[in-house]
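Protein chains in written order, with this note's numbering: chain D, 1 to 200; chain P, 1 to 200.
Given below as C-alpha cells:
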C-alpha cells in the first residue's frame, strides 16, 4: 500500500498535534507514513502569507486555538519563547536519519516536536538536534554532526522543500493519500474517512 | 440560551457548506443561530490575505476541496462564473430582512447561497436579490427595494463588518459560541463537541 505523505514544518504547532495522530490513523488502514519536513516560508512567498504568529488577527486566534486543542487532547503544550523558528537544522537531521537510520524517523520527529512545544528548547541549534538524536538512540552521531553542515544535506533539504511546493503544499501539516491532498490538522478525520471509503 | 453567531461572507463556498449544517447543530443543543453577513475583504486588509480564488496554490486546493466536500455532502455545487464577488447587496438585504421580517432570515440566506453556488446567478444585482426575496415570501418588496440604496442600510452593514473585525473575524465562516471562536466549516464537529461538553 502507498505511504501517506506527511508534509510539515517543525515550526507549526498544528503539525505537532497531527504528528501525535497520523501514525495511528495510518496503522488502522495498513499504511505507513512518510515524514516530509520542509521550510514553509518558501511556500509563503507564493501565497503571500506569513507565519501565524506574525499575522494580525489570525495569530491571536491561533494561539488560543493551540491551547484548547492541547487541552482537548490532554497533551502538554506551550508556545515556544521564539516563534516562528526557521526549522532548517532539525529538518536536515530528520532527512539524514531517514537515509541512514530510518527506524529512528518517528522517534526523532516526535522528539523535536516535544523539545520545541513542551521543553521550549532551541531546536535550531546543532547541539540540541544532536542531543535529541542521541536521546532516541541514533548510533552514528559523528556522521550526523558532520552532515548537518554538509553541502549535500543542505541541497537535499532544499530540493525536498521545492518538491513540496511543486506538489502544492502551502500549509502545515499537509497530507497526500494516493495523491489526494488534505491541508490541516483538523482534516485528519476526513483523511481517515477517505481511507475507509476510498474517496467520495 | 445564547445565540450561536454565524459570521460569513456570501462569497465564501465554505460558508455555503456551513449554512447547511449550523442550524441542525444549534437545534440539537437548544440554541438559535444569528446570521451575521460581513465583507471579508475588510479583514483581509488586516491579515494581508486575499480571497482563496485569487491566491496561488491555496486557490487550486480550495477549488478541489469545494468539489469533494459537495460530493461528500451530496449537495449541488459549482464555482460561480464570477468569483470572488463583493457581496454587499445580498448582505444588506439580509440585514433588512432581519430587522423587518426576521422569520425569513434563514430561508433568504439559504436562497442567496443556492443562487450563487447552484444556479450561478449574479447575486450582486438588486434585481436578483429582490427576486430571491420574493421567492421566499418577503412581503414588503418595495420597502426592501428602497432600503437597498438607502444610506441607513449601507451604514448598518458597514458597522456590522467593523464589529466583526473588532471581534476578530478574519475568515468565513466564523462562529462564536458563548464568546468562544471557531473558524472554518471543518471546525463544526468541534463546535458541536464544545456545546455538548461545555468546553474543554
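Quick reminder that beta carbons are idealized off the backbone N, C-alpha and C, glycines included.
Check	Outcome
Local conformation of residue 7 of chain D per DSSP, three classes	strand
Minimum C-alpha distance to residue 44 of chain D - residue among P:126, P:36, P:55 and P:99	P:55
Distance CB(residue 36 of chain P)-CB(residue 160 of chain P) smaller than 8 angstroms	yes
Three-state secondary structure assigned by DSSP to residue 36 of chain P	strand
CB contact below 8 angstroms: residue 60 of chain D versus chain P	yes
Members of the region 89 to 116 of chain D near chain P, C-beta cut-off 8 angstroms	none
DSSP three-state assignment for residue 180 of chain D, whether helix, strand or coil	strand
Same chain, Cβ closer than 7 angstroms to residue 117 of chain P, neighbours up to 5 away in sequence not counted	13, 16, 77, 78 and 80
Same chain, Cβ closer than 8 angstroms to residue 180 of chain P, five either side skipped, listed in chain order	194 and 199
Any C-beta of chain D under 8 angstroms from that of residue 46 of chain P	yes
Endpoints, the alpha helix (DSSP H) within which residue 88 of chain D is located	88 to 100
For residue 170 of chain P, the three-state DSSP class (helix, strand or coil)	coil
For residue 77 of chain D, the three-state DSSP class (helix, strand or coil)	coil
Neighbouring residues, chain D, relative to residue 43 of chain P (Cβ below 8 angstroms)	57
Proximity below 8 angstroms, CB of residue 135 of chain P to CB of residue 111 of chain P	yes
Residue 108 of chain P beta carbon less than 8 angstroms from that of residue 94 of chain P	yes
Residue interval of the alpha helix (DSSP H) (run including residue 194 of chain D)	188 to 197
8 angstroms Cβ cut-off: residues of chain D touching residue 168 of chain P	57, 60 and 61
For residue 39 of chain P and residue 53 of chain P, the rounded distance between their alpha carbons	16 angstroms
Option nearest residue 103 of chain P by Cα separation, candidates P:86, P:190, P:189 and P:133	P:133
Through-space distance from residue 187 of chain P to residue 86 of chain D, alpha-carbon basis	29 angstroms
Cβ neighbour criterion (16 or more within 10 Å) applied to residue 58 of chain P	buried
Endpoints, the alpha helix (DSSP H) within which residue 111 of chain D is located	105 to 117
Beta carbon proximity, residue 200 of chain D to chain P, threshold 8 angstroms	yes
8 angstroms Cβ shell around residue 125 of chain D - same chain, five flanking residues per side excluded	89
Contact set between the region 68 to 81 of chain D and chain P, restricted to residues whose Cβ is under 8 angstroms from the partner	68, 71 and 72
Residues sharing a beta bridge with residue 175 of chain P, DSSP	P:6 and P:182
Span separating the alpha-carbon of residue 50 of chain D from that of residue 11 of chain D	12 angstroms
Reference residue 106 of chain D; option with closest CA among D:62, D:33, D:131 and D:156	D:33
Residue 163 of chain D classed as buried or exposed, judged by whether at least 16 other C-beta atoms fall within 10 angstroms	exposed
Closer than 8 angstroms to chain P by CB, residue 173 of chain D	no
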